[in-house]
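One point on numbering: in UniProt numbering, the residue at position 314 of the sequence shown is 314, and numbering is uninterrupted.
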Amino acid sequence: MSDQLSNIRAAYRVLENQVVSALRTQLGDQLRLAAVTAQALALASAAEQHVELIPSVEYAILQNNISRMVDDLDRACHESLDPPDGPPPVVVQRIRTGRRGRPRIEIDPHFLSHALSLRGPTGIAPTVGVSSRSIRRRALQYGLVEPGAPVFQIVLGPDGTHQTVHTSTSAPISEMSDEALDAAISSILQIFPTFGRRMITGHLRNQGQRVPINRITHSYLRMVIHCIIDGYSRFVIGIRVHNNNQAASVLRLFDDAVAAHGMPSRMRGGWKQSRVVHNTRIERLWYDITNGFGRKWKSFFMDLEAHHGLDPTRS
Numbered sequence: 001m002s003d004q005l006s007n008i009r010a011a012y013r014v015l016e017n018q019v020v021s022a023l024r025t026q027l028g029d030q031l032r033l034a035a036v037t038a039q040a041l042a043l044a045s046a047a048e049q050h051v052e053l054i055p056s057v058e059y060a061i062l063q064n065n066i067s068r069m070v071d072d073l074d075r076a077c078h079e080s081l082d083p084p085d086g087p088p089p090v091v092v093q094r095i096r097t098g099r100r101g102r103p104r105i106e107i108d109p110h111f112l113s114h115a116l117s118l119r120g121p122t123g124i125a126p127t128v129g130v131s132s133r134s135i136r137r138r139a140l141q142y143g144l145v146e147p148g149a150p151v152f153q154i155v156l157g158p159d160g161t162h163q164t165v166h167t168s169t170s171a172p173i174s175e176m177s178d179e180a181l182d183a184a185i186s187s188i189l190q191i192f193p194t195f196g197r198r199m200i201t202g203h204l205r206n207q208g209q210r211v212p213i214n215r216i217t218h219s220y221l222r223m224v225i226h227c228i229i230d231g232y233s234r235f236v237i238g239i240r241v242h243n244n245n246q247a248a249s250v251l252r253l254f255d256d257a258v259a260a261h262g263m264p265s266r267m268r269g270g271w272k273q274s275r276v277v278h279n280t281r282i283e284r285l286w287y288d289i290t291n292g293f294g295r296k297w298k299s300f301f302m303d304l305e306a307h308h309g310l311d312p313t314r315s
């Protein structure tokens, strides 16, 4: 089985979950539904480009299912999520037993079974307002998941002494060579050109490859755009493209911006943990950059690398 065919099959499974979630939670939200529709059409286009790798029966089923998905998403754009006449379903209850301590938390088993098929306990916890450990305990109680192995086990060694053995639940680190990793990432990006490091990491894990993030970073050559914007006037103070994401590169951009426009009265940097409500100016600018020229040039250079022999390691 080729890597391209495996990627298309994995992408279809992801798309199927996204469509189901969108049809249940985003009725009437045309922007979000349109984004899912675009992903479905992109997968159909990718499958058409690699039609010689896909069995004819499977290809016909794939195209038919994607067509039905697009039709359902289009109809969902014209439906409404008005509040129902009846009360919302109660999926979490706190039952007082008369004993000391906090009330017992009960979760509807049918809801929990479906929720666990979409995401893990950590992702469900904010939705229902309980901790992920409570969700895990109820899932074990209802038999929805299998209990994990104990973290530590005491075993009898060859010399007759007792030894403590740590049991790891993580998959072993992949022993892929650098060349194999480069080929795998290149294959993924041919089908999913907008994937970043996190999505590439998740896709590799879905294929059974647990690769450290630093190896993916070194293999995934990219250009990073750094920008400084005035939050009041929306004037772009400085913008520059780098081949790294180092602090020294950002500092040089800041120094050049200060030399041209003067020292700002205050400065706020956003990196991963920033709240979006305080970043509206720069977030809107990123959208304009991506749609204005970023996506076009990224697709252009990736096409050169994939089909015309461009070597990104040569300057």
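Note that the Cβ used here is the ideal one computed from N, Cα and C, for glycine as well. Here the structure is a predicted model, which is why all the values come from computation and not from measurement.
- Taking His307 as reference, the option from Ala248, Ser186, Val90 with the minimal CA-CA separation is Ser186.
- For Gln163, the three-state secondary structure derived from DSSP is strand.
- DSSP, read as helix, strand or coil, puts Val151 in coil.
- Per DSSP, the beta bridge partners of Glu106 are Gln93.
- The closest CA to that of Ile154, considering only Tyr142, Thr164, Gly202, His203, is found on Thr164.
- By the beta-carbon neighbour count (other beta carbons within 10 angstroms, threshold 16), Ile95 is exposed.
- Fewer than three beta-carbon pairs drawn from the stretch 46–64 and the stretch 100–108 are found closer than 8 Å, and the two stretches are therefore not classed as touching.
- The Cβ neighbour count for Phe192, taken over all protein chains shown within 10 Å, is at least 16; the residue is labelled buried.
- If you draw a straight line from the Cα of Leu31 to the Cα of Thr37, it is about 10 Å long.
- Straight-line spacing of the CA atoms in Ala115 and Lys298 works out to 36 Å.
- Contact between the stretch 201–215 and the stretch 16–33 is absent: fewer than 3 CB-CB pairs across the two stretches fall below 8 Å.
- Straight-line spacing of the CA atoms in Gly262 and Arg295 works out to 32 Å.
- Taking C-beta atoms as the reference points, Ile239 and Ile289 count as a pair closer than 9 Å.
- Relative to Leu62, the option among Asp255, Arg9, His78 whose CA is nearest is Arg9.
- Here Leu285 is not near Ile200, since their CB atoms are 9 Å or more apart.
- Listed as beta-bridge partners of Cys227 by DSSP are Ile239.
- Beta-carbon to beta-carbon, Arg197 and Tyr220 are separated by about 6 Å, close enough to satisfy the 8 Å threshold.
- For the options Leu156, Asp159, Glu106, the alpha carbon positioned closest to that of Arg136 is the one of Glu106.
- Beta-bridge pairing by DSSP links Leu156 to His162.
- For the 9 Å CB-CB criterion, Ala149 and Thr122 do not form a contact.
- The beta-carbon separation of Arg234 and Arg281, rounded to 6 Å, stays under the 8 Å limit for a contact.
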